[in-house]
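Worksheet: the structure to be examined is printed underneath.
Numbering (my numbering), first residue to last: 194 to 449.
Right, here's the structure in full:
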């Protein structure tokens with residue numbers, strides 16, 4: 194469960210980053226609390242920086258609350274790339290996590306929206322019902338962090354987002370529901386509530402019950418808020434249905 198939490202956390206909790214920032218640089222720090230079935234299980238902090246049309250995002254997800262009593266879990270997620278026409282274009286993405294003595298790292302290299310290389314260390318033997326990633330799955334994708342930071346001219350709730358995290362190719366299909374008030378340290382305003390359908394395309398086990406549950410569920414939501422400087426939209430609240438209860442990732446500090 195904590196490994197799944199790390200991947201979902203890296204997918205859905207994002208820092209504020211304004212792609213329209215000037216050459217003088219910009220960025221911010223965003224903090225999140227992660228709860229499962231109402232219990233705090235993790236905390237996440239992301240620090241972003243943009244300078245001279247290049248960006249970096251560095252994040253850390255760590256067990257907290259009730260989960261800290263049962264597991265030594267720590268994950269880092271990092272991405273860097275360029276800013277092109279107001280959109281983030283990733284060049285390198287990495288997710289590393291440890292749970293006790295177990296460690297695993299995912300790395301992906303991108304070029305103009307296409308994956309040029311990817312590696313998972315240590316590699317694992319694939320089960321018989323594994324859906325292999327094909328070359329077509331590595332075209333027109335982004336990493337799960339910069340892929341959900343939306344340019345201001347496109348608005349919130351994009352119709353479709355294609356993501357690849359080094360192992361799994363996934364599609365998110367969104368639709369706008371309504372606007373609602375949202376506040377966190379450093380922010381007070383409105384957020385666009387989007388319903389989300391999750392679909393794994395490749396790089397997963399067909400019999401994975403958690404993956405199937407999420408794909409079959411209609412209850413996933415992402416709330417997008419706009420930065421104070423009028424820049425990008427970024428998620429401030431994510432509600433993910435799981436077999437163990439609702440996994441909620443909510444910004445408690447939102448700077449931009």
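Each residue gets a CB set at the ideal place from its N, CA and C atoms; glycine is no exception. The structure displayed is predicted, hence computed values, not measured ones.
Which one of the options has the shortest CA to CA distance from residue i?
{"i": "residue 282", "options": "259, 341, 291 and 258", "result": "341"}
{"i": "residue 148", "options": "349, 439, 414 and 309", "result": "Since the first residue of the chain shown is 194 and the last is 449, residue 148 is not available in this structure."}
{"i": "residue 471", "options": "222, 264, 255 and 265", "result": "This structure cannot settle anything about residue 471, because the visible part of the chain is limited to 194 through 449."}
{"i": "residue 436", "options": "405, 420, 355 and 419", "result": "405"}
{"i": "residue 369", "options": "353, 315, 272 and 224", "result": "353"}
{"i": "residue 254", "options": "239, 247 and 425", "result": "239"}
{"i": "residue 377", "options": "242, 237, 446 and 287", "result": "446"}
{"i": "residue 344", "options": "425, 244 and 243", "result": "425"}
{"i": "residue 397", "options": "280, 321 and 304", "result": "321"}
{"i": "residue 242", "options": "419, 235, 339 and 302", "result": "339"}
{"i": "residue 379", "options": "346, 418, 364 and 355", "result": "418"}
{"i": "residue 381", "options": "236, 278, 448 and 235", "result": "448"}
{"i": "residue 359", "options": "288, 411 and 403", "result": "288"}
{"i": "residue 246", "options": "278, 337, 304 and 306", "result": "278"}
{"i": "residue 307", "options": "332, 318, 314 and 315", "result": "332"}
{"i": "residue 336", "options": "236, 270, 346 and 314", "result": "270"}
Out of curiosity, what's the CA-to-CA distance linking residue i and residue j?
{"i": "residue 259", "j": "residue 374", "result": "29 Å"}
{"i": "residue 290", "j": "residue 297", "result": "6 Å"}
{"i": "residue 392", "j": "residue 350", "result": "16 Å"}
{"i": "residue 389", "j": "residue 428", "result": "12 Å"}
{"i": "residue 371", "j": "residue 285", "result": "34 Å"}
{"i": "residue 226", "j": "residue 256", "result": "10 Å"}
{"i": "residue 357", "j": "residue 295", "result": "23 Å"}
{"i": "residue 251", "j": "residue 400", "result": "33 Å"}
{"i": "residue 216", "j": "residue 276", "result": "Reliability of the predicted coordinates at residue 216 is poor, the pLDDT of 43 falling under 50, and no value is obtained from them."}
{"i": "residue 273", "j": "residue 348", "result": "23 Å"}
{"i": "residue 420", "j": "residue 402", "result": "37 Å"}
{"i": "residue 355", "j": "residue 365", "result": "7 Å"}
{"i": "residue 196", "j": "residue 346", "result": "A caution first: residue 196 carries a pLDDT of 46, below 50, which makes its placement in the model too unreliable to give a value."}
{"i": "residue 314", "j": "residue 411", "result": "33 Å"}
{"i": "residue 237", "j": "residue 317", "result": "27 Å"}
{"i": "residue 319", "j": "residue 233", "result": "33 Å"}
{"i": "residue 409", "j": "residue 305", "result": "32 Å"}
Going along the chain, which residues of its own chain have a beta-carbon closer than 8 Å to the beta-carbon of residue i, five neighbours each way excluded?
{"i": "residue 430", "result": "375, 384, 414, 415, 416, 441, 442, 443 and 444"}
{"i": "residue 407", "result": "391, 413, 433, 434 and 435"}
{"i": "residue 438", "result": "229, 230 and 231"}
{"i": "residue 173", "result": "Here the chain covers residues 194 to 449 and nothing more, so residue 173 does not appear."}
{"i": "residue 387", "result": "349, 350, 367, 368, 369, 370, 414, 415, 416 and 417"}
Can you list, in chain order, the residues of its chain whose CB lies under 6 Å from that of residue i, leaving out five sequence neighbours each side?
{"i": "residue 312", "result": "300"}
{"i": "residue 293", "result": "265"}
{"i": "residue 280", "result": "344"}
{"i": "residue 224", "result": "238, 445 and 446"}
Going by the DSSP bridge assignment, what does residue i pair with across the sheet?
{"i": "residue 432", "result": "414 and 441"}
{"i": "residue 304", "result": "307"}
{"i": "residue 224", "result": "238 and 446"}
{"i": "residue 229", "result": "232 and 440"}
{"i": "residue 282", "result": "275"}
{"i": "residue 294", "result": "According to DSSP, which records beta bridges pairwise, residue 294 is partnered with nothing at all."}
{"i": "residue 470", "result": "Residue 470 lies beyond the stretch modelled for the chain, which goes from 194 to 449, so this question has no answer here."}
{"i": "residue 405", "result": "Its beta-bridge partners do not exist; DSSP assigns none."}
Using only the heavy atoms of the ligand SAH, determine whether one of them is closer than 6 Å to the beta carbon of residue i.
{"i": "residue 314", "result": "Absence of the ligand SAH from the depicted structure is noted, as is the absence of any ligand whatsoever, leaving it without description."}
Could you pull out every residue in the same chain whose Cβ sits closer than 7 Å to the Cβ of residue i, ignoring the five residues on either side in sequence?
{"i": "residue 235", "result": "198, 202, 227, 254, 255, 256, 257 and 260"}
So with Cβ pairs under 7 Å, would you call residue i a contact of chain D?
{"i": "residue 350", "result": "In the displayed structure, chain D is absent; only one protein chain is listed."}
* **Contiguous beta strand (DSSP E) assignments of at least 3 residues, all confined to the segment 315–403** => 353–357, 362–377 and 380–395
* Contained beta strand (DSSP E) runs [length at least 3] in the segment 241–274, N- to C-terminal order -> 247–256
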